Amino acid sequence: QKEVEQDPGPLSVPEGAIVSLNCTYSNSAFQYFMWYRQYSRKGPELLMYTYSSGNKEDGRFTAQVDKSSKYISLFIRDSQPSDSATYLCAMRGQGAQKLVFGQGTRLTINP
Amino acid sequence: DARVTQTPRDKVTEMGQEVTMRCQPILGHNTVFWYRQTMMQGLELLAYFRNRAPLDDSGMPKDRFSAEMPDATLATLKIQPSEPRDSAVYFCASGSWGGRLASYNEQFFGPGTRLTVL
Numbered sequence: 449q450k451e452v453e454q455d456p457g458p459l460s461v462p463e464g465a466i467v468s469l470n471c472t473y474s475n476s477a478f479q480y481f482m483w484y485r486q487y488s489r490k491g492p493e494l495l496m497y498t499y500s501s502g503n504k505e506d507g508r509f510t511a512q513v514d515k516s517s518k519y520i521s522l523f524i525r526d527s528q529p530s531d532s533a534t535y536l537c538a539m540r541g542q543g544a545q546k547l548v549f550g551q552g553t554r555l556t557i558n559p
Numbered sequence: 090d091a092r093v094t095q096t097p098r099d100k101v102t103e104m105g106q107e108v109t110m111r112c113q114p115i116l117g118h119n120t121v122f123w124y125r126q127t128m129m130q131g132l133e134l135l136a137y138f139r140n141r142a143p144l145d146d147s148g149m150p151k152d153r154f155s156a157e158m159p160d161a162t163l164a165t166l167k168i169q170p171s172e173p174r175d176s177a178v179y180f181c182a183s184g185s186w187g188g189r190l191a192s193y194n195e196q197f198f199g200p201g202t203r204l205t206v207l
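What follows is the structure, given as structure tokens:
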């Protein structure tokens, strides 16, 4: 079993919908949680990060971490076709530099 | 606009040939990572360096893969001999460990090298 599990999708939703992307993990030492966005033929780029539990909001994006359930989420409000990409969760422990990535969820927003 | 650059962008080769991929990290970054991405396995860490010294290469098949940093502006990943199962997209990422952004240590990814071994 992988340390980080993420449903690869694909996920297809209409423009304007609220999108929910999720990851579960098994390592309780993880403290830093990130979401990367990867467009086709590009490298991943950091979208959001959260330290420990809680919520973080940035425009239309909200990241949530529930350490008690070992579950993290990314919500996209008012989704746009330009949000179509693969979204990867990643996490690491305190003092660690190695990131452990989820499989990535391929998301398509239909106009 | 500081970016990680990788060459070549695409490489098609035949089984048994040597493949060399190059990466130029962002100037001033002291940590370099090599990843491999496939549909089946996702993004896997192969190796990483800090201040040009290899810290961890446990994700790399050592019989055929090697990674080096000849200087601070160049990282290389070599496969010799290459096999069809090595077909994947290889990413280089760089970061600044212990720097201003040390709280979450963002890794900046290059555009990747798409390798196809026939």
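First to last, the sequence lines map onto chains L and X. Under my numbering, residues 449 to 559 are what the first sequence spells out, in order. Under my numbering, residues 90 to 207 are what the second sequence spells out, in order. For every residue, glycine included, the Cβ atom is placed at its ideal position computed from N, Cα and C. None of these values were measured; they are calculated from a predicted model.
*Relative to the C-alpha of L/K515, which residue among L/V548, L/I466 and L/S476 is closest?*
To locate residue 515 of chain L, count along the first sequence from 1; it is residue 67. Measuring from the Cα of L/K515, the nearest candidate turns out to be L/S476.
_X/P173 (DSSP reduced to helix, strand or coil)_ = Translated into positions along the second sequence, residue 173 of chain X becomes position 84. Helix at X/P173.
*Pairing CB atoms from the segment 534 to 543 of chain L with CB atoms from the segment 165 to 180 of chain X, are three or more of them under 8 Å?*
no
*Please report the Cβ distance between X/I115 and X/F197, rounded to the nearest whole angstrom; I am assuming they are in contact, meaning their Cβ atoms lie under 8 Å.*
For this step, residue 115 of chain X is matched to residue 26 along the second sequence. For this step, residue 197 of chain X is matched to residue 108 along the second sequence. Rounded, the Cβ-Cβ distance is 6 Å, consistent with contact.
*asked:* Based on DSSP bridge pairs, tell me the residues matched to L/D506.
replied: As a first step, residue 506 of chain L is located in the first sequence; it is residue number 58 there, counting from the start. Answer is L/F509.
*Alpha carbon to alpha carbon, what distance is there between L/R485 and X/C181?*
Residue 181 of chain X sits at position 92 when you count from the first residue of the second sequence. Residue 485 of chain L sits at position 37 when you count from the first residue of the first sequence. Looking at the two C-alpha atoms, the distance is approximately 16 Å.
*Could you name the residues that DSSP lists as bridge partners for X/I115?*
Here residue 115 of chain X refers to the residue found at position 26 when the second sequence is read from its first residue. None; X/I115 has no bridge partner.
*Leaving aside the five residues before and after X/S192 along the sequence, list all residues of the same chain whose C-beta is less than 7 Å from its C-beta, in chain order.*
As a working mapping, residue 192 of chain X is identified with position 103 in the second sequence. Only weak support is given to the placement of X/S192: the predicted model assigns it a pLDDT of 48, under 50, and the question is left unresolved by the model.
_Between which residues of its own chain and L/L547 is the CB-CB distance below 6 Å, once the five residues before and five after are set aside?_
In the first sequence, counting from the first residue as 1, residue 547 of chain L sits at position 99. Within the same chain, L/L547 has close Cβ partners A538 and R540.
*asked:* Within 8 Å of any Cβ in chain X, is that where the Cβ of L/Q545 sits?
replied: Indexing the first sequence from 1 puts residue 545 of chain L at position 97. It does; some Cβ of chain X falls within 8 Å.
*Nearest-angstrom Cα distance between L/Y499 and X/Q106?*
Residue numbering aside, residue 499 of chain L sits at position 51 when the first sequence is read from its first letter. Residue numbering aside, residue 106 of chain X sits at position 17 when the second sequence is read from its first letter. Their backbone Cα atoms lie some 44 Å apart in a straight line.
*Taking only beta-carbon positions, decide if X/L116 is within less than 8 Å of chain L.*
Taking the first residue of the second sequence as position 1, residue 116 of chain X is located at position 27. So, not an interface residue.
*Taking the runs of the beta strand (DSSP E) that are 3 residues or longer, which of them lie wholly in the segment 455 to 528 of chain L?*
459 to 462, 467 to 473, 478 to 486, 493 to 499, 502 to 506, 509 to 514 and 519 to 524
*Tell me, which residues are paired with L/N558 by DSSP?*
Within the first sequence, the letter at position 110 stands for residue 558 of chain L. Its beta-bridge partners are L/P462.
*Using a Cβ cut-off of 7 Å, pull out every chain X residue sitting near L/Q551, in sequence order please.*
Against the first sequence, residue 551 of chain L aligns to sequence position 103. G131, listed in chain order.
*Where does X/S183 fall in DSSP's three states?*
As a position in the second sequence, residue 183 of chain X is number 94, starting the count at 1. Looking at X/S183 - three-state DSSP - the assignment turns out to be strand.
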